[in-house]
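One structure is given below, encoded as structure tokens.
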Amino acid sequence: MAALGEGCARYVGGAVRDALLGRPVKDYDIATVLEPKQVVSCLKAAGLKAVPTGWEHGTVTAISQHRPFEITSLRQDLSTDGRHAEVAFTTDWRVDASRRDFTMNALYADMDGRVYDYVDGLADLKAGRVRFIGNPQDRITEDALRILRFFRFHAYYGQGDLDPAGLAAAISEQHRLDILSIERVREEMLRLLAAYNPVPVLIAMAGGGILAHVLSEWTGDMMFARLHRLMSRERTLDEPIDSLRRLASLVKPADLARLGARWRLSRADQARLAALASPAPHFDEKSLRCASYHDGATCVRDRILLGDGEDNLATALTFLDKWTRPVFPVQGRHLIKLGMTAGPQMGAVLDRLENQWIESDFKLDCEALLDEARQILTEGADSDSSGQETRDA
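In my numbering, the protein residues as written are 9 to 401.
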């Protein structure tokens, strides 16, 4: 912050909030009385790279020691449509604080660690109250995503029941979620699911109709039992929290592929979600090896953690951790040496050999598989000869 000048910049939001709670600080956001052009000039004078990541809204990203720092000019909203805002810059810290979402996010701190609190955010932070600044409906009208942020922040920072005024506003204004892009909804929901225990918040969302609004594939409260079981296994087996796997626990297997497409997940995540529609394999080693070879150990691990089986989970997961996927020993060049030409027939033979290799629990070696290939070729030649004799007759 020294590059911006003494007293003209303060840390704000998550960095202050998490530092006060003794939690790891991941992102550093800085607020400043300077306007964007002045910020860029100061950064360049200090030899720092400045990237205009949100110029119209007053945000410049500074790069220092390969780390990004978002610097935003103090501002006030002139007009909003629930997604975008037209802003004007200001030098009034209190005005800037009043336009933010929650009181605990409107805390500022200077280089000396002095905290500036204009909206009683410190008291709410200590009490675990996620409370909108001012009128909750006004804050939601400014940005409809704040409905989902309200629930996510309670999952991470809240204690006890959700703030009644905030909950009532979120429920009454949930129709505004329809104006949001699916990408913004998706990212907010996945972040919520990554909380240590998102279930109480999800139950509140379900009770207000909001969960079904953003996750139409959700089929009712019975799915929370699956999430509870998954979370219990995560903790017992020391498994890392995985938002996508938790999402899968809330949706019937038959709907997972549709959800992945609707939420516009990456191709890899769509494939992973769709693969969870299949049941977990048996926990014997051969079944685990076969399933992992076909679908990957990560996918099989997901299925096991989501599955109905209760016994030997730890043993099965330990086996998957240690298993290395073998390489199919036969290649097209081997079949060419046997006189086969490249094409659909070769592909069919390779598939047949690979299936036999898998069925042998990967024990057949290259030579044994080539003996089988020779037998296939002989059978094909005999079939062609028989067909020719029939035609000659």
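Cβ atoms here follow ideal geometry from the backbone N, Cα and C, with glycine treated the same way.
CB-CB length for arginine 139 against isoleucine 148, believed under 8 Å: About 13 Å separates the two Cβ atoms, so there is no contact after all.
Cβ-based neighbour list, glycine 317, same chain, cut-off 8 Å, excluding 5 preceding and 5 following: Excluding its 5 nearest sequence neighbours in each direction, glycine 317 has C-beta neighbours in its own chain below 8 Å: Ala288 and Phe291, listed in chain order.
Relative to the C-alpha of phenylalanine 77, which candidate in Ala39, Gln84, Trp101 and Ala131 has its C-alpha closest? The shortest Cα separation from phenylalanine 77 among Ala39, Gln84, Trp101 and Ala131 belongs to Ala39.
Under DSSP, the alpha helix (DSSP H) around glycine 340 begins and ends at which residues? 340 to 345
So is asparagine 113 buried or exposed if we call it buried at 16+ other beta carbons inside 10 Å? Buried: at least 16 other Cβ atoms inside 10 Å.
Please return the same chain residues whose Cβ sits closer than 8 Å to the Cβ of glycine 347, not counting the five positions on each side in sequence. Only Leu385 meet the Cβ criterion.
Classify methionine 230: buried if its beta carbon has 16 or more other beta carbons within 10 angstroms, exposed otherwise. By the neighbour-count rule (16 or more Cβ atoms within 10 Å), methionine 230 is not buried but exposed.
Would you tell me roughly how many angstroms separate the C-alpha atoms of cysteine 16 and valine 41, rounded to the nearest one? 6 Å
Taking the C-alpha atoms as reference points, what is the distance between phenylalanine 336 and glycine 315? 29 Å
Considering just the uninterrupted stretch of the beta strand (DSSP E) at arginine 18, what are its terminal residues? 17 to 20
Nearest-angstrom Cα separation, counted from threonine 323 out to phenylalanine 97: 60 Å
Can you have a look at methionine 213 and say buried or exposed, based on whether 16 or more other CB atoms are within 10 angstroms of its CB? Its Cβ being crowded by 16 or more others within 10 Å, methionine 213 is buried.
Quick one: Cα of leucine 219 to Cα of leucine 29, how far? 29 Å
Using the DSSP secondary-structure output, state which residues sit across from lysine 57 in a beta bridge. Answer is Ile71.
Cβ pair count under 8 Å reaching 3, the segment 273 to 283 against the segment 300 to 314: Cβ pair count under 8 Å is three or more, so yes.
Do the segment 243 to 259 and the segment 174 to 190 make contact, defined as three or more Cβ pairs closer than 8 Å? no
Kindly indicate which residue of Gly268, Asn143 and Ala269 has the alpha-carbon position closest to the one of leucine 175. Asn143
Sort Arg243, Pro44, Leu133 and Glu43 by Cα distance to arginine 31 and report the nearest one. Leu133
Decide if aspartate 310 is buried, meaning its Cβ has at least 16 other Cβ atoms within 10 Å, or exposed. By the Cβ neighbour-count rule, aspartate 310 is buried, with 16 or more other Cβ atoms within 10 Å of its own.
Where histidine 162 falls, given that 16 or more other Cβ within 10 Å makes a residue buried: buried
Just to confirm before moving on: does the CB-CB distance between serine 274 and leucine 201 stay below 8 Å? Taking 8 Å as the Cβ cut-off, serine 274 and leucine 201 do not qualify as a contacting pair.
Counting only the same chain and skipping the five closest in sequence on each side, list residues whose C-beta sits under 6 Å from that of leucine 156. Glu196
Taking the beta carbon of arginine 406 as the centre, do at least 16 other beta carbons fall within 10 Å, making it buried, or is it exposed? Nothing about residue 406 can be reported from this structure: the residues present for the chain run from 9 to 401 only.
Could you check the C-alpha separation between glutamine 339 and isoleucine 366 for me, to the nearest Å? Taking the straight line joining both Cα atoms gives about 15 Å.
Less than 7 Å separating the Cβ of alanine 58 from some heavy atom of the ligand GDP? In terms of ligand content, the structure shown is empty, and the ligand GDP therefore cannot be addressed.
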